[in-house]
Each structure stands twice: as structure tokens, then as C-alpha cells.
Amino acid sequence: DLIVDYCRNNGLNLCQVKGRRQGCSYKAGAVTSHEYTFYKDSKNIISAFLSDFSDNTMAFALDNLNFLKTNTPFGHLRDPDKSNYVQARYKVDVGGVKVYKGYHSVIESITFKDKPTAAVGKSCTWLVMDEAGVWPNIIQAWGYSEPLVRDGNIATGTALMFGSAGSMEGGSQYFYDIFINPDKYNMLSFPDPEVQDKKIGYFSSSAKGRWGICRDPES
Numbered sequence: 015d016l017i018v019d020y021c022r023n024n025g026l027n028l029c030q031v032k033g034r035r036q037g038c039s040y041k042a043g044a045v046t047s048h049e050y051t052f053y054k055d056s057k058n059i060i061s062a063f064l065s066d067f068s069d070n071t072m073a074f075a076l077d078n079l080n081f082l083k084t085n086t087p088f089g090h091l092r093d094p095d096k097s098n099y100v101q102a103r104y105k106v107d108v109g110g111v112k113v114y115k116g117y118h119s120v121i122e123s124i125t126f127k128d129k130p131t132a133a134v135g136k137s138c139t140w141l142v143m144d145e146a147g148v149w150p151n152i153i154q155a156w157g158y159s160e161p162l163v164r165d166g167n168i169a170t171g172t173a174l175m176f177g178s179a180g181s182m183e184g185g186s187q188y189f190y191d192i193f194i195n196p197d198k199y200n201m202l203s204f205p206d207p208e209v210q211d212k213k214i215g216y217f218s219s220s221a222k223g224r225w226g227i228c229r230d231p232e233s
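Straight run, no breaks: the sequence shown in this note's numbering ends on number 233.
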């Protein structure tokens, strides 16, 4: 995705309001599994307010890793190998001492429910914040978590924050604040097509990516 690459190459993060069923969770699983597979010592965090959402995206990443391990030479041995945490490493005996070898890259799934500080003390290459539209403490969670992808003024990773409209009282109003103030939250900004000189986050209409039937193939 060109927008994701642009964010990574320019030290920015992405806030995306989107229609449902556009495959963003699946794409996030692809981004993190690619990083895990091909970049040594990379740290990837998949998060959401509720574990149901983060675990679902984590499952997409694990499906990719399992496919690579079964069908290609790029798969890594994993230790630990859990549904919410995997690390690319294996244990060997070196002169009677057990040591770990391998890429040491990580994918971890965490939840921010009732704990906006859940990621404090960590660092990561990719920080996925899924289903942001139903995330009541997302502003606080982002405030505590932005240092995971930044060291002072230097970007060390990229955050991907996306979601559809959810409960306006329970989460969307806070996600909306980030969306309409992208510069304030160090997000990639775009011109607002409806308000001159106004910037917003990335909007992907629900009209995109829909199945359809071509009723006039000659047109």
C-alpha cells in the first residue's frame, strides 16, 4: 500500500476512517507477518480495545506465518509459539549452555481495555490499533503508546490506526477527534474535500471494495 509505505518512509502514522469489510485487519496481519519474517529483531504489536478484535487480526498474521512455514523456505521456528505472542527463535546447545538463535522478531497481541498504559515500556516497528471506532480510551492509549514508534523527534516505527464508525458515546467521538486533527496526533494529513484549508486523516468510503455485478459489459 503506497500510503502505508509513505508513512513509514516519512516518519508519520496513519489514521484511517473506513467502511466495513475493506480488509484492513487482514492487511495489518500481512504487514506485521512480513516484518516478522524478513527483518531481524523487529517488534510488531497488534492491539485493540477488546481482545476479540486484536486476537482476530493476530490470527490473520499467524495464518500467514503458518503458510510460509509450510510452503516456502522463509518460515521461522517459533519459541514461544502462542496465539497472542510469537518469537522467531530456537534453542540450541552451545558448549553445554542453552542459547537462543534465530531472527528474534516478535508479533504480540495486546488489549487496551481499562488500561491505556498497556504498551508502556515496549517498542515496535509496527503498531496496529484496530477497530478504533469502538475504543473509548484511544486518545489516552495513543498518548501513552506513541513513544513505542518514536524516540524524541525521530520516528522509529509506524502506527496504523483504523476503524469504522461505532458507538458515538463509546469510542467514535474520540477516534473522530484524532481523524479531524491529524497534525496534532502526528498522523498523515489530507485536504478535507468539504472544508477549505482543513486537514483530515485518510478516509476510505464504504463504496470502495464492494462486490458488484456488471449489468452492461459493453459500457
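The C-beta atom is built at its ideal place from N, Cα and C for all residues, glycine as well.
C-alpha distance - Asn58 paired with Pro231, whole-angstrom precision: So the two alpha carbons sit approximately 44 Å from each other.
N- and C-terminal bounds of the beta strand (DSSP E) containing Gly57: Sequence inspection shows Lys at residue 57; the Gly mentioned does not correspond to that position. Counted as a single uninterrupted DSSP element, the beta strand (DSSP E) harbouring Lys57 occupies residues Lys57 to Ala62.
Residue from Thr84, Tyr158, Lys112 and Cys38 whose Cα sits closest to the Cα of Phe67: Looking only at Thr84, Tyr158, Lys112 and Cys38, the smallest Cα-Cα distance to Phe67 is reached by Cys38.
Nearest candidate by alpha-carbon position, reference Phe88, set Ser61, Asp144, Asp69 and Glu49: Of all alpha-carbon atoms in Ser61, Asp144, Asp69 and Glu49, the one lying nearest the alpha-carbon of Phe88 is that of Glu49.
Top-ranked residue by Cα proximity to Trp149, from Lys32, Leu64, Ser56 and Gln36: Distances from the alpha-carbon of Trp149 to those of Lys32, Leu64, Ser56 and Gln36 put Leu64 closest.
Ser39 in three-state terms, based on DSSP: It is helical.
Rounded C-alpha distance that separates Asp95 from Gln210: Straight-line Cα distance between these residues: approximately 50 Å.
When Glu160, Ala75 and Tyr99 are compared against Val134, the one with the closest alpha-carbon: The residue with the shortest Cα to Cα distance from Val134 is Glu160.
Exposed unless 16 or more other CB atoms sit within 10 angstroms - verdict on Ala227: Note on identity: in this sequence residue 227 is Ile, with Ala being the wrong assignment. Under a 10 Å Cβ-count criterion, Ile227 is classified as exposed, with fewer than 16 other Cβ atoms of the shown protein chains found around its own Cβ.
N- and C-terminal bounds of the beta strand (DSSP E) containing Ile121: Unbroken beta strand (DSSP E) run through Ile121: Val120 to Thr125.
Span of the beta strand (DSSP E), counted from its first residue to its last, around Asp128: Per DSSP, Asp128 belongs to no beta strand (DSSP E) and is neither H nor E.
Member of Lys105, Gly215 and Asn167 whose CA lies at the smallest distance from the CA of Asp197: Per the Cα distances, Gly215.
Cα-Cα separation between Asp69 and Val142, rounded to whole angstroms: Approximately 12 Å, taken between the alpha carbons.
Environment of Thr46 [buried if 16+ CB atoms lie within 10 Å]: Under this definition Thr46 is a buried residue.
Where the alpha helix (DSSP H) containing Phe81 begins and where it ends: Segment Ser65 to Asn85, the alpha helix (DSSP H) holding Phe81.
Selection from Glu145, Arg22, Ser123 and Phe176 that minimises the alpha carbon distance to Ser218: If you compare the alpha carbons of Glu145, Arg22, Ser123 and Phe176 with that of Ser218, the shortest gap goes to Phe176.
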